[in-house]
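There are 2 protein chains.
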Amino acid sequence: MINKDSLTHHISAQFNAELEEVRSHLLAMGGLVEKQVNDAVTALIDADSGLAQQVREIDDQINQMERNIDEECIRILARRQPAASDLRLIISISKSVIDLERIGDEATKIAKRAIELCENGESPRGYVEVRHIGDQVRKMVQESLDAFARFDADLALSVAKYDKTIDREYKTALRELVTYMMEDPRSITRVLSIIWVLRSLERIGDHARNIAELVIYLVRGTDVKHLGLARMEEEVKGTADKG
Amino acid sequence: MINKDSLTHHISAQFNAELEEVRSHLLAMGGLVEKQVNDAVTALIDADSGLAQQVREIDDQINQMERNIDEECIRILARRQPAASDLRLIISISKSVIDLERIGDEATKIAKRAIELCENGESPRGYVEVRHIGDQVRKMVQESLDAFARFDADLALSVAKYDKTIDREYKTALRELVTYMMEDPRSITRVLSIIWVLRSLERIGDHARNIAELVIYLVRGTDVKHLGLARMEEEVKGTADKG
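Taken in sequence, the protein lines are chains B and H.
Number 1021 marks the last residue of the first sequence (the working numbering); no jumps.
Number 1021 marks the last residue of the second sequence (the working numbering); no jumps.
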């Protein structure tokens, strides 16, 4: 099992600094992405098209961060030829960055829908659900990043588990909105905008879960993707120390 | 610039064989994923719930292929410490595999909708669009893999460009289906199933584009993600030989 301390024991202090740096870049990107999710949802709820526009503009910054972190990871792989937990760290970072970028994309999509709804008039339904599910997935993103920062496999496991709750609430919200569309077909376009937003939020939850799985891989050394929650829990709680 | 021959000039014949093997595993996974897309769309069009069920079952195989290829890539990184074009090959493979797995997921989602529609009765609209867009994205997946197999940056560029066509056709189809739902609110649930399918197909196009971008990175050595099609074309057509 690895932890923060195991990062401070390299022959090369320079290598150490490089690993610490790329990790801090990932966390900084994560912080910005989390803010984007929050701002996009707020823009939608408050019908604030200025804030929505800002979210769309910041997306370029996130894309640039992804490119930079990717380059850092490749440079470290080429020059330092990391092994064991260092290699796992680089692999986890270079994969997490893909999920973070996609979370950023989903936030941008939500911002676009917010602008649409400012123009077409509010949806008659769905804002309570967007606020509620939005808060929860933002928290999932935050906790998956905290788990990364602290090498905390238990927190990562709880994020992965929470994804099931999101999926359930998403489905319930969807059913209600479909029923509403049938009752009031004139609202279809606006309600559909909300449905797309909920879909984006559900996807954000999936990406947070992916990041959480990468944290478990990083800390425990086992690829838990597709293993199911029960097996994942065994890996995290198990006494086997494979780091 | 790299090509098939540059893979055959390693000091270690064993290393060479390992690279060839992981690449062939990626292409085999790609072939299966492409078949899944085709079968899922066929199951929907022909209302064949047996075929849809088969698509859902095969998804586990794809997930297992992803795990195996991932392990191979990590093993090669740890033991062989590849550099230059070998490193780019491993990075491209380990990222492409993520996109292939997600294409597989989307195929499974389409299969689920096919089963739903078998149970709820056909949608009154949208099958022509699903067939048409489905054929095109299946071809995109196929060509992105052909580009990978042949180190063909020009073919990869044409795949990336084609994604714009898919996005346009997807939006047109969506508008028509929304109009139809307003005219016949009783059809909303079934038409929505078709809308989700179109959404999945559009996402498959995005993933094929991602793979195409990774082929350009592999062959040209430049990360063309987020660069836009004009810059991407410059990189592919440019005379600069960076391999």
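We put the beta carbon where it would ideally sit given N, CA and C, even for glycine.
Inset, instruction - Please list the residues of the stretch 842 to 872 of chain H that have a C-beta atom closer than 7 Å to any C-beta atom in chain B, keeping them in chain order. - result: Those residues of the stretch 842 to 872 of chain H placed with their C-beta closer than 7 Å to a C-beta in chain B are ARG845, ASP848, ILE852, LEU855, ALA856, GLN859, ALA861, LEU865, ILE869, ordered along the chain.
Inset, instruction - Assuming H/VAL919 and H/ALA986 form a contact by the criterion Cβ under 8 Å, report the distance between their Cβ atoms to the nearest whole angstrom. - result: 5 Å
Inset, instruction - Starting from the Cα of H/VAL815, find the closest Cα among H/LYS887, H/ASP930, H/SER965 and give me that residue. - result: The shortest CA-to-CA distance from H/VAL815 to any of H/LYS887, H/ASP930, H/SER965 is the one to H/LYS887.
Legend entry - Chain-order list of residues whose beta-carbon lies under 7 Å from that of H/ASP932 (same chain, five-residue window excluded): VAL1014
Inset, instruction - Please go through the same chain and pick out, in chain order, the residues whose beta-carbon is closer than 8 Å to the beta-carbon of H/VAL800, but skip the five residues on each side of it. - result: ILE847, GLU850, CYS851, ILE854, ILE868, ILE871
Inset, instruction - Spatial neighbours of H/MET843 within its chain, please: CB distance less than 6 Å, with the 5 preceding and 5 following residues excluded, ordered by chain position. - result: If you ignore the 5 residues before and after H/MET843, its C-beta comes within less than 6 Å of the C-beta of MET807, all in its own chain and listed in chain order.
Inset, instruction - Mark H/LYS1020 as exposed unless 16 or more other C-beta atoms lie within 10 angstroms of its C-beta, in which case mark it buried. - result: Note that H/LYS1020 has pLDDT 47, beneath the 50 cutoff, so the model's placement of it is unreliable and the number below is only indicative. H/LYS1020 should be labelled exposed.
Inset, instruction - Determine the closest residue to B/LEU955 out of B/ASP1001, B/ILE989, B/ASP930, B/ARG977, with distance taken between C-alpha atoms. - result: With distances taken between Cα atoms, B/LEU955 lies closest to B/ARG977.
Inset, instruction - List in chain order: all unbroken alpha helix (DSSP H) runs of 4+ residues lying wholly within the stretch 865 to 950 of chain H. - result: 905 to 928
Inset, instruction - Identify the contact partners of B/LEU970 in chain H, using a Cβ-Cβ distance below 7 Å as the criterion. - result: VAL956
Inset, instruction - Determine the burial state of H/GLY899: buried for a count of at least 16 other Cβ atoms within 10 Å of its Cβ, exposed for fewer. - result: Exposed.
Legend entry - Cutoff 8 Å: B/THR950 Cβ touching any chain H Cβ: Any Cβ of chain H closer than 8 Å to the Cβ of B/THR950 would place that residue at the interface, and such an atom is absent.
Inset, instruction - Determine the burial state of H/ARG953: buried for a count of at least 16 other Cβ atoms within 10 Å of its Cβ, exposed for fewer. - result: exposed
Inset, instruction - Show which residues of chain B have a CB atom less than 9 Å away from the CB atom of H/ILE911. - result: Ordered by position in chain B, no residue passes the 9 Å Cβ test against H/ILE911, which lies about 18 Å from the chain.
Inset, instruction - Look at the Cβ atom of H/PHE926, then the Cβ atom of H/LEU805, and state whether they are nearer than 8 Å. - result: yes
Inset, instruction - Please work out which residues of its chain come closer than 7 Å, Cβ to Cβ, to B/GLU884, disregarding the five sequence neighbours upstream and downstream, and give them in chain order. - result: SER978, ARG981, ILE982
Inset, instruction - Note down the Cα distance separating H/THR943 from H/SER971, rounded to an integer number of angstroms. - result: 22 Å
Inset, instruction - Could you tell me whether the Cβ atoms of B/ARG891 and H/HIS1004 are closer together than 8 Å? - result: no
Legend entry - Own chain partners of H/PRO902 with C-beta closer than 8 Å, once the 5 adjacent residues on each side are dropped: If we look at H/PRO902 and ignore the five residues flanking it on each side, its Cβ neighbours are TYR958, ASP962, SER965, ARG968, VAL969.
Inset, instruction - Verify the CB distance criterion: does B/HIS803 have a CB-CB separation below 8 Å to chain H? - result: no
Inset, instruction - Pull out every residue of the stretch 997 to 1009 of chain H whose Cβ sits closer than 8 Å to any Cβ of chain B, in chain order. - result: ASP1001, LYS1003, HIS1004
Legend entry - 8 Å Cβ cutoff, H/ILE836 in contact with chain B: No, no contact with chain B.
Inset, instruction - Using 10 angstroms around the beta-carbon of B/GLY809, count the other beta-carbons present and answer buried if the total reaches 16, otherwise exposed. - result: With fewer than 16 other CB atoms across the displayed protein chains lying within 10 angstroms of its CB, B/GLY809 is exposed.
Inset, instruction - Go through its chain and collect everything with a Cβ distance to B/GLU879's Cβ below 7 Å, but skip five positions before and after it. - result: ILE840, ASN841, GLU844
Legend entry - C-alpha gap between H/TYR940 and H/GLU947, whole angstroms: 11 Å
Legend entry - Interface residues of chain H facing B/ILE876 [CB-CB closer than 8 Å]: LYS873, ILE876
Inset, instruction - Using beta-carbon positions only, say whether B/ALA938 and B/GLU991 come within less than 8 Å of one another. - result: yes
Inset, instruction - Within the same chain, show all residues whose beta-carbon is closer than 6 Å to that of H/SER922, passing over the 5 residues directly before and after it, in chain order. - result: VAL937, ALA986, ILE989, ALA990
Legend entry - Which listed residue (H/ALA1008, H/ARG1009, H/ILE994) has its alpha carbon closest to that of H/ARG866: H/ILE994
Inset, instruction - Could you tell me the boundaries of the alpha helix (DSSP H) in which H/LEU1007 lies? - result: 1007 to 1015
Legend entry - Residues in the stretch 931 to 947 of chain H having any Cβ partner in chain B nearer than 9 Å: So nothing in the stretch comes that close.
Inset, instruction - Write down the C-beta distance between H/LEU797 and H/ASP864 rounded to the nearest angstrom, noting that I regard them as a contact closer than 8 Å. - result: 6 Å
Legend entry - Residues near B/GLY912 in its chain [Cβ-Cβ closer than 6 Å; skip 5 each side]: VAL819, LEU979
Inset, instruction - Run the CB neighbour count on B/ARG857, radius 10 Å, all protein chains shown included, and call it buried at 16 or more, exposed below. - result: B/ARG857 comes out exposed.
Inset, instruction - Quick one: measure Cβ to Cβ for B/ALA825 and B/LEU935, integer angstroms, because I've assumed they're closer than 8 Å. - result: Wrong, their Cβ atoms sit about 38 Å apart, outside the cutoff.
Legend entry - H/TRP974 versus H/TYR905 - alpha carbon distance: 12 Å
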